[in-house]
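One structure is given here, and the rest of the page talks about it.
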Amino acid sequence: MPEEKEMSGNNLENGQAMATATATATASSTPSRSKQQRQKTPTRRRPHDSDVVAGGVGITGGGVVILPQHVLNELYHNYSIKQRRSGLKWFLFAAVLFNVWTICIPWDQAIPTRVVNCCMLVAYLALTALMHIGRRSEQPSLRRFHLTFLTIMPRALWFLSMLHFAAYVMLQPSFSPRDVLGWAILLNFLIYVTLPLPLIFLGLVIGFCTYFNCLSLPVGFSRPDPLISDQAAANAVLIATAALIGLLYYFMGEAKQKRAFLEAKKSLEVKMVIEEQSAEQERLLLSVLPKHVAIKMREDLGSSSSEAFKKIYMSRHENVSILYADIVGFTAISSTYSAQDLVKMLNELFARFDRLAEKYQQLRIKILGDCYYCISGAPDERPDHAVMCVHMGLSMVKAIKYVQQKANSPVDMRVGIHTGAVLAGILGQRQWQFDVYSKDVELANKMESSGMAGRVHISDKTLAFLNGEFEVEPAFGEKREELLRIAGLKTFFITKVVKPFASPCAKKINESQAENSQLSPNGSTTDVVSGGGEDNDATLDDEELLAQSATTNGHQTAEAEDEEEQVKLENFKQRLKDELVTRDGHENLTKDTNIFLRFKNPQLEQSYAVYREPYSSLPLLAALLVQCIDVLYSYLVLPRSTLHFINIAAPLVPIAMLVVISIAESFSGMLPKFFVDVSKRFNDITFVRELAAIIIALTIGLSNVIDMFFFVTFVRTEHIVSESEFNATAGLGLGLEADVDVDVAGAEAVTAEHLLPESFVEQMRDAVPTERVLYPSYLSNFGVLILIAIAVIAQLTHLTKILLLLSIAALHCYFNIFIMQDLYALEDDLAHQPIISSRYCASGLLLVAALALSTLARHMDHEDRVIFKWKTEVAEQKETANDMRQRNEALVYNVLPVHVAEHFMKNTKRSHDDLYSQSYSEVGVLFASMPNFSDFYSEETVNNQGLECLRFLNEVISDFDALLELPQFQDIIKIKTIGSTYMAASGINLQRNLRSDASITERWAQLAVLVEFALELTHTLQGINEQSFNHFVLKMGINHGPITAGVIGARKPHYDIWGNTVNVASRMESTGKAGAIQVTEETCNILQKFGYTFQQRGLVSVKGKGQLMTYYLQGKSKPCAEPEATPAAIELHDTLDSTTELDISDIKTPLLKLKGQEAPAAGESGQSGPAPSLGNGSAGQVGESQSLLE
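Each residue of the sequence shown is one higher than the one before, starting from 296 at the first, in this note's numbering.
In structure tokens form, the structure reads like this:
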């Protein structure tokens, strides 16, 4: 088909619209078992054909869809045809105007001719009505009719116009090739500009047929004329020029639409990449923060607040069940595994817990060492929160069997659940972690610590919400934990599940197995799900069956990915159609513009006035072409006088100069750079380029008008008749013409011989030789070509063009009727034309062309504004998507360190169970807590149930976070906060490269920076105390050594660090004294090289390390070596304020004591712990540094 040829010859390149975003791996990560299994699957992509997949779909590394060429061409073809359909009504309008002219102007035509013309008018109006049927209808049948008719309409309209043209020519009793030349010129221009047809079909069929018919029919049915060949040649030149201008505008419009299509396609691709990244960021963000908190934080991002306090995202929730779960015996097995193996084991275990949390609608809060805690009933309230929490606890007890088998060790889960009120939200400005705070949270912690291994320990508050779905027995936990007794709680153990949990997972697996195999109906799965007894939850079976199913169907992974890519391609195609093909911008522009097509938004209108499409100056070539054609056609049918050629040649120079300087920038590769730069500066000035276009338009228009005047002058100066006789006969002719009474019914037609005296006519016939016959109507027909050249100028608004078109047309009409009436009368007499004078016919056609081109000029301006509006909308959408990505990115980077967040966002194909871990050999770890904050915290009405206390804590932590923005502390990473304890580390830098022979001061410069950061924390808290009239102090501990950093629970990523270094740093804080920084002997030896002074404290018992000699930091003397990571001078502190060096015994014991408080006493007794163990500040002693209020 011609359309297919058009597409094949007009390919759109994918490459120029592709955005490349290659996903690269970050730090070397430790792959989990599931990832290694996937790597054994044969790779799906071929090395040299990476962009070709099933169905011709191509997806680059960045996730951008590469459409096959034929699909892209098809989309563009549909888009281009749809946009050009808006020109149909203007072709129809021009055809109706010509039809009205054929009915009204030649008023002495025969009745059959009038009937035919009226029938044609009815046909045009019928096409107009049919074009609007079903346009806005929601009925599918009418919509299909409308779309089908729009496909047929261009061909039907063209055929009807050709039929009308042929009928009019053939029905005239006496016809001249000049009579409808103006319409033939306009028609050959309009078919290229307004008919939505492919170019090949348009050019080879319709264009050729139109040109041939408009040229041959008038000549074939013309009355005898001695210069018929010259007129045919002139007609051929003028009609061909109009067709060339139409083709020029067609190609310009096609290039403009193609640029809009490719820009929208490229923008859509970029936007889809941004949306894909944003969706991954959103997923990552929502896996850590609840949706309502994330949305609020994103809205507030970047906004300035006038409030005295920093924004706090905290809300109170009643009737929330809190679950704490700890792995009993995990410290014992930690000595037999490396840190990485332990992290991997925890990751796999907590990944199972995360799946359970999804199943039982739990919100995981944090992972602290080997402690896992979550809540139910917040932020979304649910009546069965306690029931779901108990099911979660029972499932966790069963899931720990995985670790028992893996480690071959008798580890178990200890679960405690309590129900009450919580304050849920986020504290600080960096490394956000959603957390819950309240005394009920601490009571839940105590429920866990006072429970028993392998049992779920609940309080009577939780029991009240269980609705009898579980059997319980007294646990007497209040006898083992003093704080539970103070709170007046009674505790119980879950013994049996009365109402089993209906597992959707198990149901789905059972249905799948029933369909695929004929297993016994009494299979193990059914028994586990439906049976009674203690362990009837079926969670572990579900998890194992899911894992087996994933392994069994591993070979289907490639097919699933291919299907995913196919869906992505279809999604891209549909979105591209929605963006460009299916939208109707011509309708949508109405609400954004006024009646003069000016944008209602002044800034948008100003931008449009300044904006220039590439190659927008090229239509000026039409004006230059028209002026050149004037020389050629006039040589054939106009007097060959010197005055005439001077008149038409003189404007060529200024027009050529203005056109060349305007279009030079479009040919930068072919012209000198200086000339191109001048052209750019010329076009950059809006007023200058518009003025140049107006000058060109007026020049070609007035040149033809002046030529009309010279026509009359030529007759006089050549002395064909004397001037006095010319004037006398002209006046006589006018008088006679006014007095003639024409009988329309059947009187003989009036000719020029009846209007002019016989002596004048005879004298003119004798004086004018055959080779110098005058055809003044060609000047009017040439005026149509001038109007076309003005209409296509892109530098002018439609209002300016309409003013120019009507003015020049009116001026031509005035000259036709009042200045050249004698010459038209002579032309009619020489041609023996028995119809109305040609001056009226020519003037009428000129007005028809002016009106048609005026509406077309408005349509062209409308089309340009639509494309401009689309571009601005695409840019706005892209900017909005980019802004969303930046906001999500800022939030994600405040949840995870940058390099970790990038790893998770780029590796979108990873398994949720994949482990990310990294080992560092030289890291400093800091713990800083406010031990007297628990005295400050209270839940009373006066402080909004504790919210105001947390608001103050948020101020403190936020000020601590602000220090990390300072350049000297840029290499320090905040790990997390645990209640009022602040944890940070230095040396976790993937780009840190040191020589093997580096000195101690070079290797541990970051440790000295960490100490300076600790001192700045002290000064910051002192400033807060002075402003708030409080007396908070910091108790800090610092240690150095190797650590393992990574993320566990990849479904809900939690970044943390583990190792003995972290354990010891936590002990340095917990066993230290308020107002002091405690370090080990090894850390002391390193820091002394930086000029720090210390006071020996003595031996301290550290779990897993035995007795350690510790020191208190006193201050800094003259530095022996400056920290290399400190670019700016850091204020030195000679000594710590002695008033802040308070002993731990001087501070009141917190209301809710932490377990493991006996550690200092145990250390003094000389007990030695086991081998080095895994920890992250509270591993093995969850209650010690995990108090949510200390």
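Each residue gets a CB set at the ideal place from its N, CA and C atoms; glycine is no exception.
**Study point:** Complete runs of the beta strand (DSSP E) confined to the region 1332-1366 [at least 3 residues]
**Key:** Whole beta strand (DSSP E) segments, 3+ residues: 1349-1353.
Review point. If you drop the 5 nearest sequence neighbours on each side, which residues of the same chain put their C-beta closer than 7 Å to that of residue 1313?
Key: Excluding positions up to five away in sequence, the list reads 1329.
Practice item. State the Cα-Cα distance for the pair residue 441 and residue 454, rounded to the nearest angstrom. Key: C-alpha separation (whole angstroms): 19 Å.
**Study point:** Exposed unless 16 or more other CB atoms sit within 10 angstroms - verdict on residue 263
**Key:** Examination of residue 263 is not possible in this model, given that the chain is present from 296 through 1485 alone.
Practice item. Verify whether the separation of the beta carbon atoms of residue 449 and residue 383 is less than 8 Å. Key: Result yes, Cβ atoms of residue 449 and residue 383 sit closer than 8 Å.
Point to revise | Neighbourhood of residue 619 by C-beta distance below 6 Å, restricted to the same chain and skipping five residues each side | key: For residue 619, where only same-chain residues beyond five positions count, the Cβ hits under 6 Å are 668, 711, 739, 740 and 743.
**Study point:** Other residues of its chain near residue 579: CB distance less than 8 Å, five sequence neighbours each side excluded
**Key:** Here the set comprises 1187, 1190, 1191, 1196, 1199, 1200 and 1348.
Point to revise | Enclosing beta strand (DSSP E) for residue 1393 [first to last residue] | key: Looking at the DSSP string, the run of the beta strand (DSSP E) that includes residue 1393 is 1387-1397.
Practice item. Would you mind reading off the limits of the beta strand (DSSP E) that contains residue 614? Key: Element bounds for residue 614: 608-623.
Check your understanding: Alpha carbon to alpha carbon, how far is residue 371 from residue 536?
Key -> Cα to Cα, the separation comes out at about 29 Å.
Check your understanding: Less than 8 Å separating the beta-carbons of residue 1147 and residue 389?
Key -> Yes, these two residues count as a Cβ contact at 8 Å.
**Study point:** Rounded C-alpha distance that separates residue 593 from residue 1178
**Key:** C-alpha separation (whole angstroms): 10 Å.
Review point. From 777, 775 and 758, pick the residue whose C-alpha is nearest to that of residue 768; which is it?
Key: It is 758 whose Cα lies nearest to the Cα of residue 768.
Review point. Skipping 5 residues on each side, what residues in its chain have a beta carbon closer than 7 Å to that of residue 591?
Key: The answer, listed in chain order, is 608.
Review point. Roughly how many whole angstroms lie between the Cα atoms of residue 293 and residue 868?
Key: Past the edges of the chain, shown from 296 to 1485, lies residue 293, and the structure says nothing about it.
Review point. In chain order, what residues of the same chain lie with their CB nearer than 7 Å to the CB of residue 980, ignoring the 5 residues before and after it?
Key: Excluding sequence neighbours, residue 980 sits near nothing in its chain.
Review point. Can you tell which of 991, 1158, 1079 and 1350 has its C-alpha closest to the C-alpha of residue 255?
Key: In the structure as shown, the chain begins at 296 and stops at 1485. Residue 255 is therefore absent and cannot be evaluated.
**Study point:** In chain order, each alpha helix (DSSP H) run of at least 4 residues that lies wholly inside the region 1065-1130
**Key:** List check, alpha helix (DSSP H) in window: 1072-1086, 1093-1109 and 1116-1125.
Practice item. Pull up the DSSP beta-bridge partners for residue 666, would you. Key: Its beta-bridge partners are 621 and 663.
Point to revise | Reduced DSSP category for residue 1266 - H, G, I as helix; E, B as strand; rest coil | key: Coil.
Point to revise | First through last residue of the alpha helix (DSSP H) which encompasses residue 1145 | key: Element bounds for residue 1145: 1133-1188.
Check your understanding: In angstroms, rounded to a whole number, what distance separates the CA positions of residue 639 and residue 1343?
Key -> Approximately 8 Å between the Cα atoms of the pair.
**Study point:** Contained beta strand (DSSP E) runs [length at least 3] in the region 729-777, N- to C-terminal order
**Key:** Qualifying beta strand (DSSP E) stretches, in chain order: 730-732, 751-754 and 765-769.
Check your understanding: Are three or more beta carbon pairs between the region 720-731 and the region 1218-1234 nearer than 8 Å?
Key -> Here the region 720-731 does not lie against the region 1218-1234, with fewer than 3 beta-carbon pairs under 8 Å apart.
Review point. Out of curiosity, what's the CA-to-CA distance linking residue 698 and residue 625?
Key: Distance from the CA atom of residue 698 to the CA atom of residue 625, rounded to whole angstroms, is 10 Å.
Practice item. Taking the CB atoms as reference points, tell me whether residue 727 and residue 581 lie closer together than 8 Å. Key: Going by C-beta atoms, residue 727 is not nearer than 8 Å to residue 581.
Check your understanding: Roughly how many angstroms lie between the CA atoms of residue 1355 and residue 1398, to the nearest whole one?
Key -> Each residue's alpha carbon lies about 10 Å from the other.
Practice item. Pull up the CB-CB distance for residue 463 and residue 541, whole angstroms please, since I reckon it's below 8 Å. Key: 22 Å between Cβ atoms; not a contact.
**Study point:** Bridge-paired residues (DSSP) for residue 1401
**Key:** In the DSSP assignment, residue 1401 forms a beta bridge with 1397.
Review point. Using the C-alpha atoms, what's the distance from residue 1133 back to residue 1040?
Key: Model confidence at residue 1040 stands at a pLDDT of 34, short of 50, so the residue's coordinates are unreliable; what they give is reported in the following sentence. Approximately 21 Å, taken between the alpha carbons.
Review point. Thinking C-beta only, is residue 714 closer than 8 Å to residue 673?
Key: No.
Check your understanding: Which stretch, first to last residue, makes up the beta strand (DSSP E) that contains residue 1372?
Key -> Its beta strand (DSSP E) spans residues 1372-1375.
Practice item. Could you say which of 968, 653, 941 and 587 lies nearest to residue 999 if we only look at CA atoms? Key: Among 968, 653, 941 and 587, the Cα nearest to that of residue 999 belongs to 941.
Review point. What's the call for residue 1367, buried or exposed, on a 16-neighbour Cβ count within 10 Å?
Key: The C-beta of residue 1367 has 16 or more other C-beta atoms within 10 Å across all chains shown, which makes the residue buried.
Exercise for review: Look up residue 709 in the DSSP assignment and say whether it is helix, strand or coil.
Suggested key: DSSP places residue 709 in strand when its eight states are reduced to three.
Check your understanding: DSSP three-state call for residue 386: helix, strand or coil?
Key -> The answer is helix: DSSP assigns residue 386 an H, G or I state.
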